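Which chain is which? The protein sequence lines are H and V, in order.
Read in numbering that gives the first Met the number 0, the first sequence has 32 at position 33, and its numbers run on one by one without any break.
Read in numbering that gives the first Met the number 0, the second sequence has 2 at position 3, and its numbers run on one by one without any break.
C-beta atoms are modelled at their ideal positions from N, C-alpha and C, and glycine is treated no differently.
The structure presented is a predicted model; accordingly, all values stated were derived computationally and were not measured.
In what follows, a structure is listed as structure tokens, so that the remarks can point back to it.
Number of protein chains: 2
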Amino acid sequence: MDAIIEKLKQKGIVLTIQRLAVLEFLHNSSSHPTAEAIHTKLKKKYPMMSLATVYNTLDMLKQAGEIQELTIGNAKHFDPIPQSHHHLYCRVCKRIIDVEISCPVCKSGRVQGHKVEEVQAVFYGICSDCLQRENGAQ
Amino acid sequence: MDAIIEKLKQKGIVLTIQRLAVLEFLHNSSSHPTAEAIHTKLKKKYPMMSLATVYNTLDMLKQAGEIQELTIGNAKHFDPIPQSHHHLYCRVCKRIIDVEISCPVCKSGRVQGHKVEEVQAVFYGICSDCLQRENGAQ
DNA sequence: TATTATATTAGAATTATTCTTAAACAATCA
DNA sequence: TGATTGTTTAAGAATAATTCTAATATAATA
Numbered sequence: 000m001d002a003i004i005e006k007l008k009q010k011g012i013v014l015t016i017q018r019l020a021v022l023e024f025l026h027n028s029s030s031h032p033t034a035e036a037i038h039t040k041l042k043k044k045y046p047m048m049s050l051a052t053v054y055n056t057l058d059m060l061k062q063a064g065e066i067q068e069l070t071i072g073n074a075k076h077f078d079p080i081p082q083s084h085h086h087l088y089c090r091v092c093k094r095i096i097d098v099e100i101s102c103p104v105c106k107s108g109r110v111q112g113h114k115v116e117e118v119q120a121v122f123y124g125i126c127s128d129c130l131q132r133e134n135g136a137q
Numbered sequence: 000m001d002a003i004i005e006k007l008k009q010k011g012i013v014l015t016i017q018r019l020a021v022l023e024f025l026h027n028s029s030s031h032p033t034a035e036a037i038h039t040k041l042k043k044k045y046p047m048m049s050l051a052t053v054y055n056t057l058d059m060l061k062q063a064g065e066i067q068e069l070t071i072g073n074a075k076h077f078d079p080i081p082q083s084h085h086h087l088y089c090r091v092c093k094r095i096i097d098v099e100i101s102c103p104v105c106k107s108g109r110v111q112g113h114k115v116e117e118v119q120a121v122f123y124g125i126c127s128d129c130l131q132r133e134n135g136a137q
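In structure tokens:
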């Protein structure tokens, strides 16, 4: 976290209370929240915090390469880990789960002559926990 | 196309003029259009055609397993090829290009104990054509 | 401290999609 | 064939996520 703050400062980015709050919240979260979800939580601590600020801050952090954005269903979710990795969206428990598999496109940044700057690989299905629960129930 | 129509009929799906128009348009298209784009084109031939019908038909075709849906940017795009394959979105020419690479998750339908029913792998970057153009220009 | 630039807020606007309801159409049965 | 029933469509309202706008607040600089 401190390293990120240092990097952002060096880029000349003003670190306001709101921005630090979003950054901190995302880094302590493993649930890949939406802007809306982040706003709902932060509003308890900072009642004046606006949803637009959350969107702006997330944009800024994405531009700065400190977080990544995932488009899942109709909404954008945010991941504090900026390195490309895959995700599974479980249609039973609705969780978004990190999937760490080796991916040649992520590594090389190229595929069939095209240049790849960002990878969004989302698997839709049922997570191992829910599979077990379903099998156990039957 | 005829084989698909036969399959849909056997599932008891009524094939109206509107539904056939959407199916046919998508099959003759390689541009991965949105519902909006399909509607705009079809309205020229069928001025009464409603956007809601296009959405309904695309939903129906997806449920029937005859097409696939891609979430790219903020919009849903449709692909007449129902088999899982990857895509590249070129941020220069805005095209969505099919990327055929071997993918163990697509093949097996499993990853790290999770069950995978649908794969959405989108690479964001610059396509080979635009890369060449850029290099040529410099 | 005064000035300037940047960030934030609140709410309006936009965009893509879904929902609703009445009318149109298709399939089934008498 | 004609009546009945169920499904599909059209039009527009409703919704949800996101972006834009303009005024205010805050931070950085001189």
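Proximity test, Cβ basis, 7 Å: F77(V) and chain H: no
Chain-ordered neighbours of E117(V) on chain H, where CB pairs are closer than 8 Å: F122, Y123, G124
Pairwise C-alpha distance: G64(V) and G135(H): 29 Å
M48(H), buried or exposed, once every other Cβ within 10 Å from all chains shown has been counted against 16: buried
Contact set for I4(V): own chain, Cβ-Cβ below 8 Å, skip 5 residues either direction: L14, L19, L22
is_contact[H86(V), chain H] using C-beta, thresh 7 Å: no
Range covered by the alpha helix (DSSP H) that runs through H38(V): 34 to 44
Helix, strand or coil at A20(H) [DSSP, three-state]: helix
Unbroken alpha helix (DSSP H) run spanning V104(V), endpoints: 103 to 107
Validate contact between the stretch 80 to 93 of chain H and the stretch 119 to 126 of chain H using beta carbons, cut 8 Å, 3 pairs: yes
Contact belief for A74(H) with T33(H) at Cβ below 8 Å, rounded distance in angstroms: 5 Å
Within-7 Å CB hit, S83(V) to chain H: no
Host beta strand (DSSP E) of A63(V) (start-end): It is not in any beta strand (DSSP E) - A63(V) carries neither H nor E in the DSSP assignment.
Residue of E68(H), E116(H), G11(H), K40(H) minimising C-alpha distance to F24(H): K40(H)
C-beta contact flag for P81(V) and Q67(V) at 7 Å: yes
Residues bridged to T70(V) [DSSP beta-bridge criterion]: K75(V)
Residue-chain proximity (T33(H), chain V), Cβ-Cβ < 7 Å: no
Short CB-CB distance (under 7 Å) between K114(H) and chain V: yes
Buried/exposed call for A51(H), threshold 16 Cβ in 10 Å: exposed
Endpoints, alpha helix (DSSP H) assigned at Q9(V): 1 to 9
Chain V contact for T56(H) (CB, 7 Å cutoff): no
Residues bridged to K114(H) (per DSSP): R109(H), I125(V)
Any C-beta of chain H under 7 Å from that of L130(V): yes
Straight-line gap, Q119(V) to G72(H) (C-alpha atoms, nearest Å): 11 Å
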